[in-house]
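Trainee:
2 protein chains.
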Amino acid sequence: MEHHLDPRLLLAFAAALIAAKLLGELVERLGQPSVLGELLAGVALGPSVLGLVPLSDGMFLLAEIGVMLLLFEVGLETNLEELGRVGGPALVVALVGMVLPFVGGFLVTKLLGYPALAAVFVGAALMATSIGITARVLTELKMLATREGQIILGAAVADDILGLVVLAVVSRIADQGGVEIWAVGKATGLAIGFLAAALLLGIPVGRRLVKVVDRAAVRGVLVAASVALALLLAFVAARVGSAPIVGAFAAGLVLARTNRRHEIDTALKPIVDIFAPLFFVFVGAQVNVAFLNPAVAENRAALLLALLLSVVGFLGKMAAGWGAWGGVRRAFIGAGMVPRGEVGLIFASVGRATGALPERVFVALVLTVFATTFLAPPLLKILRPRRPASSSARSA
Amino acid sequence: MEHHLDPRLLLAFAAALIAAKLLGELVERLGQPSVLGELLAGVALGPSVLGLVPLSDGMFLLAEIGVMLLLFEVGLETNLEELGRVGGPALVVALVGMVLPFVGGFLVTKLLGYPALAAVFVGAALMATSIGITARVLTELKMLATREGQIILGAAVADDILGLVVLAVVSRIADQGGVEIWAVGKATGLAIGFLAAALLLGIPVGRRLVKVVDRAAVRGVLVAASVALALLLAFVAARVGSAPIVGAFAAGLVLARTNRRHEIDTALKPIVDIFAPLFFVFVGAQVNVAFLNPAVAENRAALLLALLLSVVGFLGKMAAGWGAWGGVRRAFIGAGMVPRGEVGLIFASVGRATGALPERVFVALVLTVFATTFLAPPLLKILRPRRPASSSARSA
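Protein chains in written order, with our numbering: chain H, 26 to 421; chain U, 26 to 421.
#1: Report the residue from H/Ala373, H/Phe395, H/Ala396 whose alpha carbon sits nearest the alpha carbon of arginine 385 of chain H.
#2: Buried or exposed for proline 402 of chain U, please, with buried defined as at least 16 other CB atoms from any protein chain shown within 10 angstroms of its CB.
#3: With DSSP as the reference, please indicate the residues paired to arginine 110 of chain U in a beta bridge.
#4: Cα separation between alanine 418 of chain H and threonine 159 of chain H?
#5: What's the gap between the Cα of phenylalanine 316 of chain H and the Cα of methionine 123 of chain U?
#6: Quick one: does arginine 282 of chain U have its CB under 8 Å from some CB of chain H?
#7: In its own chain, which residues sit with a C-beta less than 6 Å from the C-beta of lysine 135 of chain U, not counting the 5 before and 5 after it?
#8: Tell me the DSSP secondary structure of leucine 213 of chain H in three-state form.
#9: Closer than 9 Å by beta-carbon distance: list the chain H residues that pair up with serine 59 of chain U, in chain order.
#10: Drop a sphere of 10 angstroms on the beta-carbon of aspartate 200 of chain U, count the other beta-carbons inside from all chains shown, and report buried for 16 or more, exposed for fewer.
#11: In or out: valine 422 of chain H buried (at least 16 other Cβ within 10 Å) or exposed?
#12: DSSP state of arginine 10 of chain U, grouped into three classes?
#13: Using a Cβ-Cβ cut-off of less than 7 Å, give me the residues of the stretch 142-169 of chain H that come near chain U, in sequence order.
#14: Which residues of the stretch 84-106 of chain H have a Cβ closer than 7 Å to any Cβ of chain U? Give them in chain order.
#15: Are the C-beta atoms of proline 230 of chain H and some chain U residue less than 8 Å apart?
#16: Could you tell me whether the Cβ of proline 295 of chain U comes closer than 8 Å to any Cβ of chain H?
#17: Check the Cβ-Cβ distances between proline 2 of chain U and every residue of chain H, and say whether any is below 8 Å.
#18: Classify threonine 154 of chain H as helix, strand or coil using the three-state DSSP reduction.
#19: Distance check for arginine 377 of chain H and phenylalanine 387 of chain H, CA to CA, integer angstroms please.
#20: Using the beta-carbon count (16 or more within 10 Å), is aspartate 239 of chain U buried or exposed?
#21: Mind pulling the alpha helix (DSSP H) runs of 4 or more residues that sit fully within the stretch 192-268 of chain H?
#22: So who's on the other strand from arginine 365 of chain U, going by DSSP bridges?
#23: Name the chain U residues whose beta carbon is nearer than 9 Å to that of valine 424 of chain H?
#24: Determine the closest residue to leucine 101 of chain H out of H/Met84, H/Val271, H/Leu47, H/Asp82, with distance taken between C-alpha atoms.
#25: Would you call the stretch 138-154 of chain U and the stretch 212-229 of chain U touching, i.e. three or more CB-CB distances under 8 Å?
#26: Measure the beta-carbon distance from glycine 71 of chain U to leucine 34 of chain U and round it to whole angstroms, keeping in mind my assumption that it falls under 8 Å.
#27: According to a CB-to-CB cut-off of less than 7 Å, which residues of the stretch 354-372 of chain H neighbour chain U?
#28: Starting from methionine 168 of chain U, trace the alpha helix (DSSP H) in both directions and tell me its first and last residue.
#29: So with Cβ pairs under 8 Å, would you call glutamate 384 of chain U a contact of chain H?
#30: Counting only runs that start and end within the stretch 323-376 of chain U, where is the alpha helix (DSSP H) found for 4 or more residues in a row?
#31: Assuming contact is defined by CB atoms lying nearer than 8 Å, are alanine 181 of chain U and methionine 362 of chain U in contact in what I supplied?
#32: Taking only three categories from DSSP, how would you classify glutamate 102 of chain H?
#33: Quick one, which residues of the stretch 40-52 of chain H are near chain U if we go by CB-CB under 7 Å, in chain order?
#34: What is the DSSP secondary structure of arginine 161 of chain U, reduced to helix, strand or coil?
#35: Decide if the stretch 187-204 of chain H is in contact with the stretch 224-236 of chain H; the criterion is three or more beta carbon pairs, one per stretch, under 8 Å apart.
#36: Quick one, are the C-beta atoms of phenylalanine 357 of chain U and glutamate 89 of chain U less than 8 Å apart?
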């Protein structure tokens with residue numbers, strides 16, 4: 026009862042929605058994916074420019090709900106068999122796209138004279154692709170259901186799962202100076218085991234759920250039960266050390282195999298329309314434009330490091346596209362893996378919290394995450410294959 | 026970047042949705058409005074029983090978004106002319122329903138030997154009806170568009186607005202021992218002026234907004250723009266000292282007069298289905314069942330006070346129903362005014378924070394708010410007029 030709603034959060038929510046749609050529309054008319062406009066809206070509304078959207082806990086919560094619902098929707102529009110069919114190339118793309126940026130990031134940081142532990146954190150932070158950005162651009166370009174789209178999606182999920190395992194390992198090294206091999210195995214097993222269990226148990230549970238829901242008399246039970254399943258799997262994913270979005274995505278995959286898929290998807294769309302922009306605005310709001318000014322001496326070292334990290338981060342993921350096979354446009358797949366996001370930022374903040382990352386390296390890492398994120402949407406648009414969908418996948 | 030999503034909030038969200046729908050369904054099959062089940066789900070999940078739904082800031086934020094969206098939807102389904110046509114009886118019902126519970130609450134508290142300032146807070150806390158509970162039950166009973174429903178809705182909005190003016194006045198008395206008459210006039214003018222301005226300016230703005238939105242190419246602009254308008258008006262309402270829900274309701278009234286009303290309503294329904302239950306669960310979760318045990322000596326004085334306050338609070342609002350005219354079922358209107366909610370709890374917490382309310386009186390006040398809230402849904406169901414809608418209002 027002692028809670029108080031800060032009215033500024035209502036204003037921030039409204040401003041985020043309006044600016045995201047306005048700039049999204051503008052950017053789309055300029056021929057770019059509208060998510061770029063939403064990211065720019067975030068930069069403009071964030072604390073370093075207009076200060077209308079705070080980086081507060083409340084805003085973060087709404088943004089997280091937004092990205093979970095977005096991944097839930099993407100899962101719902103994904104065919105698990107199609108995804109399984111590209112499992113081989115997706116895994117190779119994921120692994121190449123983790124190893125090359127790690128090695129590149131480590132070497133660049135080490136060669137510039139920073140400590141080895143900092144270099145490990147930087148390398149690790151460059152590994153994971155942002156599923157949110159990638160999925161959103163693929164949906165906008167209507168490429169989600171193509172073979173390329175499925176490989177990107179599968180690889181992005183895989184490197185998010187593996188990236189968080191690496192985070193657990195690297196954090197333990199920072200804390201205790203070393204790590205036991207069984208701990209690495211346990212973390213990996215838990216994260217992969219969760220996804221396998223969620224899909225194996227989830228599919229019969231999802232079908233039963235839909236049948237129970239059919240008998241309900243009160244309003245809105247189907248959408249409430251679906252979202253509840255997404256939240257439950259997101260909770261379990263977080264508990265086993267994986268990302269909540271992986272759980273939400275799994276819930277979507279599971280419910281995509283029920284006969285109520287279209288109904289759930291229809292009900293979900295307006296919810297995603299309201300909350301997903303908050304995620305992209307929140308990502309943009311974290312850009313501190315003050316760090317971009319090269320006239321400030323301290324910024325120059327960070328900007329140089331960021332530039333080099335962006336280059337190795339970009340090249341490493343682009344090269345990963347060549348790990349795919351089966352008549353696909355490899356450059357498009359590589360570009361789809363370029364944006365870094367949530368996991369990269371989590372690495373940066375854990376690295377700073379444990380003292381492993383000097384302030385300057387931290388800033389450079391954050392700038393690198395943003396550079397790759399802002400680069401990917403126009404790049405994907407340019408590299409999009411101009412042909413009918415290459416697989417039998419249904420259009421999204 | 027240092028934000029961390031507490032996974033327990035995901036579990037709380039999921040548990041709230043599941044329990045609300047399950048108990049809502051059960052209660053509806055027992056012939057009661059399902060909102061009662063959602064409130065009971067909250068009691069069960071709250072800290073005093075299972076402890077799955079915390080009274081945290083995050084949960085509160087989601088609950089507040091839920092009740093704002095609910096009132097936005099109710100506004101969207103309300104015809105402003107119909108509402109204006111019952112303005113006279115609604116105002117009389119609101120005023121009688123504020124004066125009688127105030128006098129009754131004041132006298133009961135004073136006669137039981139508590140200080141005069143505490144008695145003023147108690148009386149004031151019993152004045153405002155919970156729009157959320159009332160609107161939800163009216164929707165469930167399909168009574169929102171009837172003359173009775175419109176009178177209840179108008180009166181509940183009016184006493185919420187006036188109740189928050191009284192809160193400003195009473196808080197100033199508690200702080201400074203007195204209040205200037207111009208401050209009372211200013212607070213009243215601001216709150217009423219906001220609603221008038223929102224409707225007068227809002228209707229042309231809403232129509233223009235819909236036209237602009239029609240030209241958009243990106244997805245989900247109509248629903249995003251509508252929700253943004255609701256949030257903006259909620260923000261302004263809060264800024265002028267009124268309740269955010271009043272602003273959200275006004276936004277609904279405004280958009281109800283556009284030619285896209287049905288589309289907005291359709292898109293809004295699943296969002297309300299997900300978030301509104303969180304409000305009712307959060308209300309229920311605030312019930313501390315430990316206070317209900319009469320075997321504990323300290324509880325008995327609070328329970329006695331709560332019983333007496335519930336009686337005067339109930340009778341005062343029931344009597345207010347007789348302030349209405351025009352061939353309506355007055356007992357139904359009175360029952361619609363019985364549930365106390367947000368504003369009553371705000372009074373209780375401000376009273377405790379300023380030291381005006383002794384702990385025992387605070388507990389009694391909170392119990393009274395809950396007693397009236399839980400009593401209203403079955404009462405409304407019993408008293409519902411069994412005849413076709415008495416006015417020309419469209420069915421909700």
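For glycine and all other residues, C-beta sits at the position ideal for the given N, C-alpha and C.
Mentor: The answer reads as follows:
#1: Mapped onto the first sequence, residue 385 of chain H falls at position 360. The option with the nearest alpha carbon to arginine 385 of chain H is H/Ala373.
#2: Residue numbering aside, residue 402 of chain U sits at position 377 when the second sequence is read from its first letter. Proline 402 of chain U comes out buried.
#3: As a working note, residue 110 of chain U is residue 85 in the second sequence. The partner list for arginine 110 of chain U (beta bridge, DSSP) is empty, contrary to what the question assumes.
#4: Taking the first residue of the first sequence as position 1, residue 418 of chain H is located at position 393. Taking the first residue of the first sequence as position 1, residue 159 of chain H is located at position 134. Interpretation of alanine 418 of chain H is limited by its pLDDT of 43, a score under 50 that renders its predicted location unreliable; no figure is taken from the coordinates.
#5: Indexing the first sequence from 1 puts residue 316 of chain H at position 291. Indexing the second sequence from 1 puts residue 123 of chain U at position 98. Cα to Cα, phenylalanine 316 of chain H sits roughly 56 Å from methionine 123 of chain U.
#6: As a working note, residue 282 of chain U is residue 257 in the second sequence. Taking Cβ atoms only, chain H never reaches closer than 8 Å to arginine 282 of chain U, which makes this a no.
#7: Position 110 of the second sequence, counted from the start, is the residue given in the question as residue 135 of chain U. If we look at lysine 135 of chain U and ignore the five residues flanking it on each side, its Cβ neighbours are Ala144.
#8: Position 188 of the first sequence, counted from the start, is the residue given in the question as residue 213 of chain H. At residue 213 of chain H the sequence reads threonine, which differs from the leucine that was named. Reduced to three states, the DSSP call for threonine 213 of chain H is helix.
#9: To locate residue 59 of chain U, count along the second sequence from 1; it is residue 34. Simply Ala242, Val243, Arg244.
#10: Working through the second sequence from its first residue, we reach residue 200 of chain U at position 175. Classification of aspartate 200 of chain U: exposed, given that the 10 Å Cβ count is below 16.
#11: This structure gives no information on residue 422 of chain H, because the portion of chain H shown stretches from 26 to 421.
#12: What the structure shows of chain U is the stretch from 26 to 421, and residue 10 of chain U is not part of that stretch, so it cannot be assessed.
#13: none
#14: Phe85, Leu86, Glu89
#15: One-based indexing of the first sequence puts residue 230 of chain H at position 205. Contrary to the premise, residue 230 of chain H reads as valine rather than proline in this sequence. No, valine 230 of chain H lies away from the interface with chain U (no Cβ there is under 8 Å from its Cβ).
#16: The residue given as residue 295 of chain U occupies position 270 in the second sequence. For proline 295 of chain U, the answer is yes, since a Cβ of chain H falls inside 8 Å of its Cβ.
#17: Nothing in the structure corresponds to residue 2 of chain U, since chain U is present only between 26 and 421.
#18: As a position in the first sequence, residue 154 of chain H is number 129, starting the count at 1. Three-state result, threonine 154 of chain H: strand.
#19: Here residue 387 of chain H refers to the residue found at position 362 when the first sequence is read from its first residue. Here residue 377 of chain H refers to the residue found at position 352 when the first sequence is read from its first residue. Between phenylalanine 387 of chain H and arginine 377 of chain H, the C-alpha separation is close to 7 Å.
#20: Locating residue 239 of chain U in the second sequence gives position 214, counting from the first residue. It counts as exposed.
#21: 206-239, 246-264
#22: Residue mapping note: residue 365 of chain U aligns to position 340 of the second sequence, counting from 1. Arginine 365 of chain U pairs with U/Thr154.
#23: The first residue shown for chain H is 26 and the last is 421, placing residue 424 of chain H beyond what the model contains.
#24: Walking along the first sequence from the start, residue 101 of chain H turns up at place 76. Selected option, being the one with the closest Cα: H/Val271.
#25: no
#26: Locating residue 71 of chain U in the second sequence gives position 46, where the first residue counts as 1. Locating residue 34 of chain U in the second sequence gives position 9, where the first residue counts as 1. At roughly 15 Å, the Cβ-Cβ gap does not stay under 8 Å, so glycine 71 of chain U and leucine 34 of chain U are not in contact.
#27: Leu370
#28: For the purposes of this step, residue 168 of chain U is taken as residue 143 along the second sequence, with counting starting at 1. Premise fails: methionine 168 of chain U is in no alpha helix (DSSP H) and is neither H nor E.
#29: Counted from its first residue, the second sequence places residue 384 of chain U at position 359. Output row for glutamate 384 of chain U: interface = no.
#30: 355-362
#31: Looking up residue 181 of chain U in the second sequence gives position 156. Looking up residue 362 of chain U in the second sequence gives position 337. Yes, they are a contact pair.
#32: For the purposes of this step, residue 102 of chain H is taken as the residue at position 77 of the first sequence. In this structure, glutamate 102 of chain H counts as coil in the three-state DSSP scheme.
#33: Leu42, Ile43, Lys46, Gly49, Glu50
#34: As a working mapping, residue 161 of chain U is identified with position 136 in the second sequence. If DSSP states are grouped into helix, strand and coil, arginine 161 of chain U belongs with the helices.
#35: no
#36: Counted from its first residue, the second sequence places residue 357 of chain U at position 332. Counted from its first residue, the second sequence places residue 89 of chain U at position 64. No, these two residues do not count as a Cβ contact at 8 Å.
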